[in-house]
Amino acid sequence: MAVRRRVLPGFSLSLGYTVFYLSVLVLLPIVACFSKAFSLSFEGFRAAVWTERTRAAYALTFGTSLVAAVVNVLLGLLIAWVLVRYRFPGRRLMDSLIDLPLALPTAVAGLVYASLYVKKGWLGRHLVPLGIQAAYSRLAIVLVLVFIGLPFVVRTVQPVLEDLDPEVEEAAASLGASRGQAFRRVILPPLYPALVTGFALAFARSLGEYGSVVFVSGNMPFKTEIAPVLIVARLEEYAYGEATAIAVVLLVISFAMLVLINLLERWTKGGEANA
Amino acid sequence: MPETDQAARRLRRPYPDPAWLRWTLILAAAAVVGVLIVIPVAQVFAGALAGGASVYWDNLFADPDTRSAILLTMTVVPLALVANVVFGVAAAWAIARFRFPGRTILTALIDLPFSVSPVVAGLMFVLLFGRQGYLGPFLQGHDIKILFATPGLVLATAFVTFPFVARELIPVMEAIGDEEETAALSLGASGWQMFRRITVPNVKWGLLYGIILCNARAMGEFGAVYVVSGHIAGQTDTMPLRVEKLFQEYNLPGAFAVASVLTLLAILTLVVKAGLERRRPEGPHVD
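Protein chains in written order, with the working numbering: chain A, 253 to 527; chain B, 404 to 690.
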């Protein structure tokens, strides 16, 4: 963009207000969080963030988020494919329903998933006799995280799939590629950036998720207790220092994810331009 | 190229998928959406109406704590929404219309709540405004209550939802460009007139879209609000917190009754959103 003469008004007003608002709402609280964490001694910090119970919580948070995000990539690709490539009755309804997890309060998702998969629930009564415990277990956490993360992959893959030029496929066909070859060599590669971005978005969302998981997991220390639940548990014991120490670990991970997602989005946009 | 022509081209494939494959994939996708989304929504309403319509009504409006939770949500959400709309418009104006050092960092900072755990967000406000917090002694000295009261709930909600309006407006404003605004100014309009007559009408659908998303997220916020609320029944329980409390008390019909109202609002959000998307040429995109 060329050098812009500031003919438009309101620069200092709008920027000033933006910076003020972000400072009060974001920077000040983050500074408070880090300064509280630094008020702990190194040994105290380590003792708070690195116990058997916290390690189990990090492993569970990461493990379930990772599994859920991988499942989301597969299901998201399937749904995006069906929505873009095929015309069938109910397509628009399905398209709209995909956004429901973004609009539905997480507490409602937690409540309903906790009720569906118990022994007497609609789905649990068929699954529990088969030995599938999808309530108050790790599987329950994964299931609800899959629900929460579903829109992200669908909505990042869908536009890229729509913009894919049919001529590339035609060229592949005329050069004698089989359907499978064309899918793997021609269709899938332009989708990689979108798939990875969708994965990262779903993964980041899952890492911090609290509202739904607290309903379905049972919150048993060492078994089904995720990191945010542990923070709340420490807070309820008025152990603010320890709660903050664990929060700082999660915050640092969040910042890393934020940087990663920004880089990925730039990559995705580049991919779209090339497609 | 006309839209219909392009759509037709998009469907004309060199490899037309055979019917069996097409229908297997469609049914698989429908099964996923059915199990993950449709059955849970049906369960919400079945659970809420299990005892009949009069029990449902009583669960919603006869319980004073539930009633006050509904009122509290109706207070907190509009306040957070207004704060975020003002912020969103200001941030979008600054970021879309001007180039300044730190612009990229500012843009990235706006996305922060998407990756910070809501529980951590709530904790940060506890550390600031709590009794042992950094501003605690000052607030107590002046008899100001933020934590475990409505202002804390508004702050926590505003934190979690502030990106929505700004993120919708920035691309819309950038796409529209500033020619009309510059023209209005050169014709002698004041800054305020230009804003009211040109800027706001130009971005109104994007603005509305952002407000809808922000509203949906604000009314459903749980983690951050959970930490700052203190769970005083009848005073600081919002609707999602009330759902959790009723669930803990094994009052499932009550929990589902409150949940059904939130679900209806979520469905309404989707309907309005779909309507707005038809008005905007860019089509659907994430958050």
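Every residue, glycine too, gets a C-beta built ideally from N, C-alpha and C.
Keep in mind it's a predicted model, so treat the numbers as computed, not measured.
Would you mind stating whether Val405 (chain A) and Leu443 (chain A) have Cβ atoms separated by less than 8 angstroms?
no
CB contact below 8 angstroms: Trp608 (chain B) versus chain A:
no
8 angstroms Cβ cutoff met for Val438 (chain A) and Glu422 (chain A):
no
Same chain, Cβ closer than 6 angstroms to Ala311 (chain A), neighbours up to 5 away in sequence not counted:
none
Let's test the definition: count the other Cβ atoms within 10 Å of the Cβ of Gln446 (chain B) and tell me whether it reaches 16, buried, or not, exposed.
buried
Could you please give the first and the last residue of the uninterrupted alpha helix (DSSP H) stretch that includes Met597 (chain B)?
Gly594 to Met597
Is Glu652 (chain B) helix, strand or coil when you go by DSSP?
coil
Would DSSP call Trp374 (chain A) helix, strand or coil?
coil
What's the call for Pro566 (chain B), buried or exposed, on a 16-neighbour Cβ count within 10 Å?
buried
By a C-beta neighbour count over all protein chains shown, 10 Å radius and 16 as the cutoff for buried, is Phe290 (chain A) buried or exposed?
exposed
Counting C-beta neighbours from all protein chains within 10 Å, is the total for Ser430 (chain A) 16 or more, i.e. buried, or is it exposed?
exposed
Taking CB distances under 8 angstroms as the criterion, tell me whether Pro443 (chain B) reaches chain A.
yes
Please report how far the alpha carbon of Gly566 (chain A) lies from the alpha carbon of Arg425 (chain B), in whole angstroms.
As shown, chain A starts at 253 and ends at 527. That puts residue 566 (chain A) outside it, with no answer to give.
Give the C-beta separation of Leu526 (chain B) and Val628 (chain B) to the nearest angstrom, bearing in mind that I take them to be a contact with Cβ-Cβ under 8 angstroms.
That pair is no contact at about 12 angstroms.
How many Å lie between Leu611 (chain B) and Arg377 (chain A) at the Cα?
43 angstroms
Candidates B:Ala486, B:Glu584, B:Leu542 and B:Thr427: which alpha carbon is nearest Thr564 (chain B)'s?
B:Ala486
Does the structure place the region 490-510 of chain A close enough to the region 391-401 of chain A that three or more beta carbon pairs sit under 8 angstroms?
no
Identity of the residue in B:Leu679, B:Trp460, B:Gly580 and B:Leu512 nearest Ala368 (chain B) by Cα
Outside the modelled stretch of chain B, which goes from 404 to 690, sits residue 368 (chain B), for which no answer is possible.
Can you check whether the C-beta of Ser367 (chain A) is within less than 8 angstroms of a C-beta belonging to chain B?
yes
7 angstroms Cβ shell around Arg470 (chain B) - same chain, five flanking residues per side excluded:
Phe464
Enumerate in chain order the residues of its own chain whose CB-to-CB distance from Gln596 (chain B) is below 8 angstroms, with the five nearest sequence positions on each side excluded.
Ala587
Just tell me which of A:Val360, A:Leu427, A:Ala300 and A:Thr270 has its CA closest to the CA of Ala669 (chain B).
A:Val360
For chain A, is any of its Cβ atoms less than 8 angstroms away from the one on Phe567 (chain B)?
no
Between the Cα of Tyr365 (chain A) and those of A:Tyr492, A:Ile400 and A:Ser348, spot the shortest distance and give me the residue it belongs to.
A:Ile400
From the DSSP output, in three-state form, read off Val519 (chain B) for me.
coil
Counted within 10 angstroms of its Cβ, other Cβ atoms place Arg339 (chain A) as buried (16 or more) or exposed
exposed
Nearest chain B C-beta to Arg518 (chain A) closer than 8 angstroms, yes or no?
no
Measure the Cβ-Cβ separation of Tyr459 (chain B) and Ala660 (chain B) and say whether it is below 8 angstroms.
yes
Counting contacts by CB-CB distance shorter than 8 angstroms, is Met477 (chain B) in contact with chain A?
no
Helix, strand or coil at Ile547 (chain B) [DSSP, three-state]
coil
In this structure, does DSSP put Phe272 (chain A) in helix, strand or coil?
helix
Start-to-end residues for the alpha helix (DSSP H) that takes in Arg600 (chain B)
First-last for Arg600 (chain B): undefined, no H or E at that position.
Spatial neighbours of Gly657 (chain B) in its chain, beta-carbon cut-off 6 angstroms, leaving aside the 5 residues before and after
Asn462 and Leu649
Does Glu489 (chain A) come out as helix, strand or coil in the three-state DSSP assignment?
coil
Put Met404 (chain B) into one of helix, strand or coil per three-state DSSP.
Confidence at Met404 (chain B) is low in this model, with a pLDDT of 41, below 50, so its placement is unreliable and the value that follows should be read with caution. Coil, per DSSP.
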